[in-house]
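Colleague: Numbering (this note's numbering), first residue to last: 73 to 275.
Submitted below is the structure of interest, expressed as structure tokens.
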Amino acid sequence: YGAYISRSISLGITTKLIHQNLAGQGAGAEQGSGTGTSFGGDLGFLWKPSDQFSFGWTLRNVGPNMTFIDADQSDPLPQTFTIGFGWTLLNRNNYSLLFVADVYKPLPDEGFGSFITGWSDGDAGDELKDMDYHVGTEWAYNLSEVTAFAVRAGYSHDHDGNRKTPTFGFGLKYDWATFDLSYFANGGTAVRNVFRFSGGFTF
């Protein structure tokens, strides 16, 4: 759900049901099926002071712990905080050029309060290493009033995960449907050449 609270500021909230199957039946004194179900929410803020500039943040996975084998060993949802901006460099009748950048930070497992305390639980150097940095550009072209495609390129820097890799993407929109493909090149880890597909529908 999203709503404008002024002409340039909007807030959004997402709720989700999370179900995971990570292990088999508990052994010995442990009870449980190795599956867990919980619910969570995402909060978002967007400020768009002009047609060329936007700024926003999201807080993801706010919710109760998830229990698998033992309720006394429940696991918190992985809370993350992302802050970033977008700047439209060109905006013509048929095409546009967008530059974006964001900072992503995992938060400690301390409930909703980690949004505040998660920025001071280590020294400044460790806090900077915890963050991931992303930059990217998108060139979009309108083929017609209902059809458009976009070409994207960017760079992702993850210090802790030792992933420093270029990224590429492609998007296609037709009327009420969208399709996106992204590619992560060799990031210096065992996970290489990752493709991601996504689609969406507007009602």
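C-beta: ideal position from N, C-alpha, C; glycine also.
All of these numbers come straight from a predicted model, not from anything done at the bench.
Compare the C-alpha of Ile90 against each of Ser78, Ser228 and Thr107 and name the closest.
Modeller: In the sequence shown, the residue the question calls residue 90 occupies position 18. The shortest C-alpha separation from Ile90 is found at Thr107.
Colleague: Check whether the segment 127-136 touches the segment 152-160, counting contact only when three or more Cβ pairs, one atom from each stretch, lie closer than 8 Å.
Modeller: yes
Colleague: Evaluate His245 with the Cβ neighbour count: other Cβ atoms within 10 Å of its Cβ, from every protein chain shown; 16 or more gives buried, anything less gives exposed.
Modeller: Start at 1 with the first residue of the sequence shown, and residue 245 comes out as number 173. Before going further, note that residue 245 is Lys rather than His in the sequence given. Result: buried.
Colleague: Can you give the Cα-Cα distance for Asp147 and Asn137, rounded to whole angstroms?
Modeller: Numbered from its first residue, the sequence shown carries residue 147 at position 75. Numbered from its first residue, the sequence shown carries residue 137 at position 65. Whole-angstrom Cα-Cα distance: 5 Å.
Colleague: Measuring alpha carbon to alpha carbon, tell me which residue in Pro178, Ala212, Lys120 and Phe140 is nearest Asn165.
Modeller: If you number the sequence shown from 1, residue 165 lands on position 93. With distances taken between Cα atoms, Asn165 lies closest to Ala212.
Colleague: By a C-beta neighbour count over all protein chains shown, 10 Å radius and 16 as the cutoff for buried, is Leu215 buried or exposed?
Modeller: Along the sequence shown, read from residue 1 onward, the residue named residue 215 stands at position 143. With fewer than 16 other Cβ atoms within 10 Å, it is exposed.
Colleague: Could you tell me which of Asn163, Gly135, Phe240 and Ala249 sits nearest to Ala257, measuring between CA atoms?
Modeller: The residue given as residue 257 occupies position 185 in the sequence shown. Taking Ala257 as reference, the option from Asn163, Gly135, Phe240 and Ala249 with the minimal CA-CA separation is Phe240.
Colleague: Use the C-beta contact count for Gly226: other C-beta atoms within 10 angstroms, 16 or more gives buried, fewer gives exposed.
Modeller: Position 154 of the sequence shown, counted from the start, is the residue given in the question as residue 226. Per the 10 Å Cβ criterion, buried.
Colleague: Would you kindly work out how many angstroms separate the C-alpha atoms of Ser110 and Asn93, rounded to a whole number?
Modeller: By one-based count along the sequence shown, residue 110 stands at place 38. By one-based count along the sequence shown, residue 93 stands at place 21. Going from the Cα of Ser110 to the Cα of Asn93 covers about 12 Å.
Colleague: Around the Cβ of Arg224, are there at least 16 other Cβ atoms within 10 angstroms (buried) or fewer (exposed)?
Modeller: Translated into the one-based positions of the sequence shown, residue 224 becomes position 152. So Arg224 ends up on the buried side.
Colleague: Which value, in whole angstroms, describes the spacing of the CA atoms of Arg268 and Leu253?
Modeller: Numbered from its first residue, the sequence shown carries residue 268 at position 196. Numbered from its first residue, the sequence shown carries residue 253 at position 181. C-alpha separation (whole angstroms): 6 Å.
Colleague: Between the alpha carbons of His229 and Pro178, how many angstroms are there, rounded?
Modeller: In the sequence shown, counting from the first residue as 1, residue 229 sits at position 157. In the sequence shown, counting from the first residue as 1, residue 178 sits at position 106. Distance between the alpha carbons of His229 and Pro178 is about 14 Å.
Colleague: So, Ile85 versus Gly113, is the Cβ gap smaller than 8 Å?
Modeller: To locate residue 85, count along the sequence shown from 1; it is residue 13. To locate residue 113, count along the sequence shown from 1; it is residue 41. Against a cut-off of 8 Å, the Cβ pair of Gly113 and Ile85 comes out as a contact.
Colleague: Give me the Cα-Cα distance between Gly156 and Phe251, rounded to the nearest whole angstrom.
Modeller: One-based indexing of the sequence shown puts residue 156 at position 84. One-based indexing of the sequence shown puts residue 251 at position 179. Roughly 23 Å separates the two Cα atoms.
Colleague: Hey, would you say Val218 sits closer than 8 Å to Asp247, going by beta carbons?
Modeller: Within the sequence shown, numbered from 1, the residue matching residue 218 stands at position 146. Within the sequence shown, numbered from 1, the residue matching residue 247 stands at position 175. Yes, the Cβ-Cβ distance between Val218 and Asp247 is below 8 Å.
Colleague: For Leu161 and Gly116, which I take to be in contact (beta-carbon distance under 8 Å), what is that distance rounded to the nearest angstrom?
Modeller: Position 89 of the sequence shown, counted from the first residue, corresponds to residue 161. Position 44 of the sequence shown, counted from the first residue, corresponds to residue 116. With 8 Å as the limit, Leu161 and Gly116 do not qualify as a contact, their Cβ atoms being about 24 Å apart.
Colleague: Using DSSP's beta-bridge definition, name the partner residues of Ile90.
Modeller: Position 18 of the sequence shown, counting from 1, holds the residue named residue 90. Ile90 is bridged to Ser110.
Colleague: Using only CA atoms, which one of Pro238, Ile77 and Asp232 lies nearest to Thr209?
Modeller: On the sequence shown, residue 209 is found 137 positions in, with the first residue counted as 1. Cα-wise, what sits closest to Thr209 is Pro238.
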